[in-house]
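S.K.: Below you will find the structure I want to go over with you.
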Amino acid sequence: SDAEYRRTVCAMLCIYWICTDNYCDFTKNQAPADRLSRDSWRTLQWWIENVVKLTGDPVAVDAMLCFMAIHDLGKIRDIRRDLSPGICDHDKALLYIIENTPQVLPSYLRLPPFYQKLIHCALSVEFNFGQFLQGENLPANLMKVKTMLGDEGKDAVSFYLFHIFVDIAGTSGTRTWEGSLTMDQSLYSTFQDGVDCLEMLTTESVDEVYKSYLTRRARSFGEDVVSRSDFALARLACQARVSDISDAEEVMA
């Protein structure tokens, strides 16, 4: 659809702005009161350079652009009918295609095997990071990511997470291609909390990581988490997409 096309183009533009350290274009048209801060942008740049490892590596950037270009092809009904019959989930459909008929995706096929594997891992993980950020997941859902960390390492997880980051940042493409309206300071703070907690999976249990995320989110809007009821309220606040203290007070009341 036109909406998917516009979101994809905006996501690819976000990759360009981030990799060229273009803060002004990325934040253009964001509301001044909640514009992504310079400090957060510097943190993002550090993550891209040292964890995701895109900066200074044209092949890595090419692979990410390729992934963004093809990642929603499974949403096209005719493609599913012809190339992944009987599969309705768009990620599983694309996974089936790259496993069985990769020649129809020349941009993917020309990538080095290392990056083909990262894309395959990202499509295979069966973990919805957006649902995690909104408190809709359970600790058991984190086992998928923990397994991927153990089997494929941090490169696979960071590649997957940056893909999610620009996918979210590009959702405002239906309104404008002049910057990311979506990835403002509030959403970035939530995203960063999620990333920080997932990185703990290398040393902590899924239960501890899950609790750590809810604790961070609760503290961000001025609440402490001690009891089970506190955790339940923190999760409810995430599901209500609370982003500031005034919203939190309504949920916690």
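Each residue of the sequence shown is one higher than the one before, starting from 221 at the first, in my numbering. Beta carbons are placed, not taken as given, at the ideal position from N, Cα and C, and that holds for glycine.
For the alpha helix (DSSP H) that E428 lies in, which residues bound it at each end?
M.R.: Its alpha helix (DSSP H) spans residues 426-440.
S.K.: Assign C308 to buried or exposed, taking buried as 16 or more other Cβ atoms, counted over all protein chains shown, within 10 Å of its Cβ.
M.R.: Per the 10 Å Cβ criterion, exposed.
S.K.: Taking the straight line between their C-alpha atoms, what separation do you get for D292 and T435?
M.R.: If you take the alpha carbons of D292 and T435, they lie about 33 Å apart.
S.K.: For L381 and F349, which I take to be in contact (beta-carbon distance under 8 Å), what is that distance rounded to the nearest angstrom?
M.R.: Yes, L381 and F349 are in contact; Cβ-Cβ is about 7 Å, under 8 Å.
S.K.: Beta-carbon within less than 8 Å of A360's beta-carbon, same chain only, minus the 5 sequence neighbours each way: which residues are those?
M.R.: Here the set comprises V426.
S.K.: What would DSSP say about K273, mapped onto helix, strand or coil?
M.R.: Three-state DSSP puts K273 in coil, outside helix and strand.
S.K.: Going by the beta-carbon positions, is the gap between K248 and E398 smaller than 8 Å?
M.R.: Yes, the pair counts as a contact, with Cβ atoms nearer than the cut-off.
S.K.: List the endpoints of the continuous alpha helix (DSSP H) containing I339.
M.R.: Taken as a continuous stretch (DSSP letters only), the alpha helix (DSSP H) holding I339 covers 333-344.
S.K.: Touch check for the segment 265-283 and the segment 323-339: three-plus C-beta pairs under 8 Å?
M.R.: Yes, they touch.
S.K.: Using 8 Å for Cβ pairs, my map puts T396 next to A223. What's the rounded Cβ distance?
M.R.: So it is not a contact: roughly 13 Å between Cβ atoms.
S.K.: Between which two residues does the alpha helix (DSSP H) harbouring N249 extend?
M.R.: Looking at the DSSP string, N249 is not in any alpha helix (DSSP H), and its letter there is neither H nor E.
S.K.: To the nearest angstrom, how far is the alpha carbon of L453 from that of R330?
M.R.: For L453 and R330, the distance between alpha carbons rounds to 48 Å.
S.K.: Express the C-alpha separation of I318 and Q354 in angstroms, rounding to a whole number.
M.R.: The alpha-carbon atoms of Q354 and I318 are separated by roughly 30 Å.
S.K.: With distance defined between alpha-carbon atoms, name the residue in F385, T423, K273 nearest to G414.
M.R.: Ranking the options by Cα distance to G414, first place goes to F385.
S.K.: Specify, as a first and last residue, the run of the alpha helix (DSSP H) that W397 falls within.
M.R.: Segment: none, W397 is in no alpha helix (DSSP H) and carries neither H nor E.
S.K.: Would L418 pass as a contact of V462 if the rule is Cβ separation under 8 Å?
M.R.: Contact: no.
S.K.: Grouping DSSP H, G and I as helix and E and B as strand, with all else coil, what is P278?
M.R.: Three-state DSSP puts P278 in a helix.
S.K.: What residue range does the alpha helix (DSSP H) around Q412 cover?
M.R.: Where Q412 is concerned, the enclosing alpha helix (DSSP H) stretches over 405-418.
S.K.: How big is the Cα-Cα spacing for W237 and S400?
M.R.: Between W237 and S400, the C-alpha separation is close to 10 Å.
S.K.: CB-CB under 7 Å to M403, same chain, minus the five flanking residues each way: which ones, in chain order?
M.R.: Here the set comprises L256, I388, A389.
S.K.: Can you tell me where the alpha helix (DSSP H) holding G350 begins and where it ends?
M.R.: From DSSP, the alpha helix (DSSP H) with G350 extends over 349-353.
S.K.: Please report how far the alpha carbon of I299 lies from the alpha carbon of P326, in whole angstroms.
M.R.: If you take the alpha carbons of I299 and P326, they lie about 15 Å apart.
S.K.: Kindly indicate which three-state DSSP category D309 falls into: helix, strand or coil?
M.R.: In this structure, D309 counts as coil in the three-state DSSP scheme.
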